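Engineer: I have a structure here, written as structure tokens, and I will follow up with some questions on it.
Here you go:
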């Protein structure tokens with residue numbers, strides 16, 4: 001049965017059983033976020049278009065949350081940027097009470113290697129050298145400068161002793177630096193939900209045979225349990 005056929009069954013089942021507000025996939029990119037998006041679709045949820053969320057996420061990071069709030073209000077399920085970075089999850093937790101959050105994760109070494117190889121591929125960088133800033137500065141994804149801005153935002157910013165913010169481009173693809181950010185964010189998420197553990201599911205999709213844990217977490221019928229789709233693997 002293909003997805004469209006299955007959704008003829010899953011959408012009414014999901015709609016009749018859904019008791020949560022929204023569900024956000026908040027795991028870092030390259031932890032199975034594309035597979036999670038597919039799972040949300042299979043379950044019959046109204047999944048938000050990714051690029052629209054990325055654009056509104058830029059405004060949210062600059063202090064204007066209204067476009068992101070309006071976007072989230074229209075759909076059931078979300079993943080990837082801006083939900084996969086920084087503390088966006090905490091803002092949305094306050095703005096959309098009664099929501100559920102799924103933290104996808106994998107071993108930090110495997111995560112970094114996957115991210116590194118994926119970026120090499122999309123930036124067209126040969127194996128014999130490291131990724132350089134000029135490899136992606138001119139990329140025109142969403143709009144000129146978007147990729148450069150997001151790389152800076154996530155990986156180069158440091159707060160120095162004099163409480164000043166600087167960009168350190170020597171940090172690009174430093175394994176210890178990337179893995180430290182990855183581990184710290186995961187720990188912060190778990191800490192944030194420590195008083196409400198039923199609102200957070202921490203899951204390694206590479207270790208799951210089917211969607212039963214996600215279905216149970218969302219309070220949906222067992223009829224919606226399927227095999228785990230594994231997509232966009234690197």
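Residue numbers (the working numbering): 1 to 234.
All C-beta atoms, glycine included, are put in the ideal place defined by N, C-alpha and C.
All figures in this text were calculated on a predicted structure; none of them were measured in a lab.
(1) Within 8 Å, do at least three Cβ pairs link the region 167-187 to the region 3-22?
(2) Does DSSP put residue 66 in a helix, in a strand, or in coil?
(3) Alpha carbon to alpha carbon, how far is residue 204 from residue 193?
(4) Can you round the beta-carbon distance between residue 33 and residue 79 to whole angstroms, since I take them to be within the 8 Å contact cut?
(5) In three-state terms, what does DSSP make of residue 196?
(6) Helix, strand or coil: how does DSSP classify residue 162 here?
(7) Is the region 109-128 in contact with the region 20-34, if contact means three or more CB pairs nearer than 8 Å?
(8) Rounded to the nearest angstrom, what separates residue 21 and residue 218 at their Cα positions?
(9) Around the Cβ of residue 169, are there at least 16 other Cβ atoms within 10 angstroms (buried) or fewer (exposed)?
(10) Give me the Cα-Cα distance between residue 226 and residue 14, rounded to the nearest whole angstrom.
(11) Helix, strand or coil: which one does DSSP assign to residue 72?
Structural biologist: From the atom records:
(1) no
(2) Here residue 66 refers to the residue found at position 66 when the chain shown is read from its first residue. Three-state result, residue 66: helix.
(3) In the chain shown, counting from the first residue as 1, residue 204 sits at position 204. In the chain shown, counting from the first residue as 1, residue 193 sits at position 193. So the two alpha carbons sit approximately 18 Å from each other.
(4) Looking up residue 33 in the chain shown gives position 33. Looking up residue 79 in the chain shown gives position 79. With 8 Å as the limit, residue 33 and residue 79 qualify as a contact, their Cβ atoms being about 5 Å apart.
(5) On the chain shown, residue 196 is found 196 positions in, with the first residue counted as 1. It is coil, neither helix nor strand.
(6) For the purposes of this step, residue 162 is taken as residue 162 along the chain shown, with counting starting at 1. If DSSP states are grouped into helix, strand and coil, residue 162 belongs with coil.
(7) yes
(8) Locating residue 21 in the chain shown gives position 21, where the first residue counts as 1. Locating residue 218 in the chain shown gives position 218, where the first residue counts as 1. Those two C-alpha atoms are separated by around 10 Å.
(9) Residue 169 sits at position 169 when you count from the first residue of the chain shown. Residue 169 should be labelled exposed.
(10) Along the chain shown, one-based indexing puts residue 226 at 226. Along the chain shown, one-based indexing puts residue 14 at 14. Distance between the alpha carbons of residue 226 and residue 14: 14 Å.
(11) To locate residue 72, count along the chain shown from 1; it is residue 72. The three-state secondary structure of residue 72, taken from DSSP, is helix.
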